[in-house]
Amino acid sequence: MPQPTNERIEAYFDEHARGYDREMGFFERFVLGHQRHWAVAQAHGEVLEIAVGTGLNLPLYPNDARVLGIDLSEQMLEKARARANAAGIASRVEVRRGDMQALELPDASVDAVVSTYTFCTVPDPFTASREAFRVLRPGGLIIVVEHGPSSRSWVLACQRLLDPLSIRFQADHITRDPLPYLTEAGFHVRTAERAGFAGIVHRAVASKPTQSS
Ligand SMILES: C[S@@+](CC[C@H](N)C(=O)[O-])C[C@H]1O[C@@H](n2cnc3c(N)ncnc32)[C@H](O)[C@@H]1O
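Counting the sequence shown from 1 gives a position; the numbering used here is that position plus 4.
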C-alpha cells in the first residue's frame, strides 16, 4: 500500500479545510468523545502543538501557555489564525507552516508538545516522535490523543477492513497505536488510557527523562 506523501497530505487538507470543523465535530460527538480539554489542560509554558490543523485546541489552553502551532496545510493554518484572533489570544499563539518530521526548533526548547489526531496522518510517525523528543526540554511532557486500534475485536476487524480505503482517500491510518512511537523515541509513558466509542481513542502523557530519571 503506497503511503501518502507530505505533498498529498497538504493537498488533501488544503482541499478539506473548509469542512474540517464540521466533519471533526460529528466524529467527536458520536465516536471520539471530547478529549481536547483533557489534552491542553496539561500543557504549560512554551508549548508546541504539532499539526495544529484549524486550531480547535487553541482557545482551550491555560492562560500560562504560549503556543506555537505548526501544520503542512496553509488552508488549515488560515483557519487556526482566524480562530486565535477571534478568541483574543493572538498575543500568546503563533501558527506557521512546518513539518512535524523536521521541526525548525532548537533542541530542548519547549516545555510541552501536544498532538491531537495527528500520528494517524503523518507519513513517518517514528521520525515525528523523535523530533518531538528532541525539542522537548528534559522533564517536558508530550500529551497525545489519537484514534487507534479499538479494544473490541469486532470494531478492530472493521477498522482493519476500512484502513486501506481510509489511507488512500483520506491520508488517515485508522489503526495506528501511538505508544510504540513514543517509547521508541525514548519517552517514559506516565499514563495511557482508552476513551471514546469502543476504546478507539488512545490518550497518553509521556515525559522526556531527566538525567536522574
Ligand atoms: C486530522 S488533522 C488533525 C488536526 C488537529 N490536530 C486537530 O486535532 O483537529 C491532521 C493534520 O495533520 C497535518 N499534518 C499531516 N502531516 C503533517 C506533517 N508532517 N507536519 C505537519 N502537519 C502535518 C495535516 O495538515 C492536518 O492538518
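Here a beta-carbon is modelled for each residue, glycine too, at the ideal position from N, C-alpha and C.
Sequence-distant residues of its chain with Cβ nearer than 7 Å to residue i (five each side left out)
i           : result
residue 198 : 155, 205, 206
residue 77  : 14, 17, 18, 21
residue 175 : 8, 12, 13, 16, 125
residue 191 : 137, 146, 210, 211, 212
Simplified DSSP assignment, three categories, for residue i
i           : result
residue 160 : helix
residue 38  : coil
residue 143 : strand
residue 70  : strand
residue 52  : strand
residue 88  : helix
Distance cut-off 6 Å: residue i Cβ against heavy atoms of ligand 1
i           : result
residue 107 : no
residue 178 : no
residue 75  : yes
residue 122 : yes
residue 131 : no
residue 45  : no
residue 30  : no
Cβ neighbour criterion (16 or more within 10 Å) applied to residue i
i           : result
residue 102 : buried
residue 92  : exposed
residue 157 : exposed
residue 110 : exposed
residue 123 : buried
Close beta carbons around residue i, own chain, < 6 Å, minus the five adjacent residues each side
i          : result
residue 87 : 59, 62
Same chain only: Cβ atoms within 8 Å of residue i, ignoring 5 sequence neighbours per side
i           : result
residue 108 : 102
residue 46  : 116, 145, 147, 209
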